[in-house]
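Asker:
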């Protein structure tokens, strides 16, 4: 209760004006402290408070700045130390990473040239054409669905034309991973059926273009949110576009996308698997290599690794929503529009 008074007195040079009515003999405590400023000031001196240690305004600001600078310096040093101590990939993990990355690059349509190769989807009375500013999709025949929205049959037909090669590329990606090929055929089929929509959604999401507000499907067809929604995906379209917007800030490279795909592929909780432990160990191996690769990349986003892992959950949710949505498409769209591979992969999925 004395320090603030003493500091204000020195900073404002008030002590020369203090006086005492009782010859400086006042007893100062918490109750009487405001009765005599001079005796209160003398008591401060008597208990050891030093006038020369009180900082003026400029010195106080400088001290605060120095404290803040030191705090920031310590924080940066701790961050650098933390980054240095985080393990990076071992030689065997680098081999695994190279294998997964190559598998992705060989099965990823158009690679890094997708922006130059893409064509925008438009509707023109049943004839598909390309343009740089697609806006009139949705004028074609529609089929009402049981949940209130409508399926644009023309757009749905266009999407089904690219679905077979897109599914085939996911299968080819998986087959290029030796640990997948070593699994029983029945487990391979279950894993592929489970992850196919998730991986296709990821491949579309990382090709989100904020300028045109489109996703590029299968490396060739650029579509807007409403086009994808009206073409049969409904609310699943929103989830994929939202994921695309979110992933844009992560600036993922091919290896990170490839490792995400491998983690989705090797999900040991798919119903009906026999080699659950083996698949779980494979996924753990991918996750560990993935985390070490993230350490190697040194992203600037705080908590990058846990945030990226949350995207796996988002993709799993997209896959589950699509399984439900597929039932609506089967009821509302003509059977002849469904390619055989599309039906084979997505029929009989758990909803």
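Residue numbers (my numbering): -18 to 332.
Just so you know, even glycine gets a beta-carbon here, dropped at the ideal spot from N, CA and C.
Please read these numbers as outputs of a predicted model, since none were measured by experiment.
1) Between the Cα of residue 149 and those of 244, 87, 11, 189, spot the shortest distance and give me the residue it belongs to.
2) Can you tell me where the beta strand (DSSP E) with residue 164 in it begins and where it stops?
3) Looking at the strands, I want to know which residues DSSP matches up with residue 204.
4) Once you ignore the five residues that flank residue 181 on each side, which residues in its own chain have a CB closer than 6 angstroms to its CB?
5) What first and last residue would you give for the alpha helix (DSSP H) that runs through residue 277?
6) From residue 170 to residue 59, what does the alpha carbon distance come to, in whole angstroms?
7) Tell me the start and end of each unbroken beta strand (DSSP E) in the region 46 to 84 that is at least 3 residues and wholly inside, in chain order.
8) At which residues does the alpha helix (DSSP H) containing residue 294 begin and terminate?
9) Specify the secondary structure class of residue 140 as computed by DSSP and reduced to three states.
10) Would you be able to state if there are at least three C-beta pairs under 8 angstroms between the region 187 to 196 and the region 77 to 85?
11) Within its chain, find whatever has a CB closer than 7 angstroms to the CB of residue 306; leave out the 5 residues flanking it on each side and keep chain order.
12) Compute the Euclidean distance between the alpha carbons of residue 256 and residue 192, then round it to the nearest angstrom.
13) Could you tell me which residues DSSP pairs with residue 190 in its beta bridges?
14) Alpha carbon to alpha carbon, how far is residue 74 from residue 259?
15) If you reduce the DSSP assignment to three classes, tell me which class residue -13 lands in.
16) Note down the Cα distance separating residue 241 from residue 195, rounded to an integer number of angstroms.
17) For residue 27, does the count of other Cβ atoms within 10 angstroms reach 16, so buried, or fall short, so exposed?
18) Using the three-state DSSP reduction, which class does residue 319 fall into: helix, strand or coil?
19) In the DSSP assignment, the alpha helix (DSSP H) including residue 243 goes from what residue to what residue?
20) Whether or not the region 156 to 166 and the region 232 to 252 are in contact is what I'm after, with contact meaning three or more pairs of Cβ atoms, one per stretch, closer than 8 angstroms; do they touch?
21) Between residue 325 and the rest of its own chain, which residues show a CB-CB distance below 6 angstroms, the 5 nearest in sequence each way excluded?
22) Which stretch, first to last residue, makes up the alpha helix (DSSP H) that contains residue 216?
23) Could you give the C-beta distance for residue 18 and residue -1, rounded to a whole number, given that I count them as a contact under 8 angstroms?
24) Within its chain, find whatever has a CB closer than 7 angstroms to the CB of residue 319; leave out the 5 residues flanking it on each side and keep chain order.
25) Could you tell me the alpha carbon to alpha carbon distance between residue 113 and residue 165, rounded to whole angstroms?
26) Measure the beta-carbon distance from residue 289 to residue 179 and round it to whole angstroms, keeping in mind my assumption that it falls under 8 angstroms.
27) If you draw a straight line from the alpha carbon of residue 376 to that of residue 151, how long is it in whole angstroms?
Answerer: Well, looking at it:
1) 87
2) No beta strand (DSSP E) contains residue 164, which DSSP labels as neither H nor E.
3) Beta-bridge pairing links residue 204 to 196.
4) 147
5) For residue 277, the enclosing alpha helix (DSSP H) covers residues 257 to 278.
6) Whole-angstrom Cα-Cα distance: 47 angstroms.
7) Those beta strand (DSSP E) runs which fall completely within the region 46 to 84 and span 3+ residues do not exist here.
8) First-last of the alpha helix (DSSP H) with residue 294: 285 to 313.
9) helix
10) no
11) 214, 215, 217
12) 45 angstroms
13) Its beta-bridge partners are 195.
14) 18 angstroms
15) helix
16) 22 angstroms
17) exposed
18) coil
19) Element bounds for residue 243: 235 to 246.
20) The region 232 to 252, when compared against the region 156 to 166, does touch it at the 8 angstroms Cβ threshold.
21) none
22) 216 to 229
23) 4 angstroms
24) 141
25) Note that residue 113 has pLDDT 42, beneath the 50 cutoff, so the model's placement of it is unreliable and the number below is only indicative. Distance between the alpha carbons of residue 113 and residue 165 is about 46 angstroms.
26) Not a contact, Cβ separation roughly 15 angstroms.
27) Given that the chain is displayed from residue -18 to residue 332, the structure contains no residue 376 and the question cannot be resolved.
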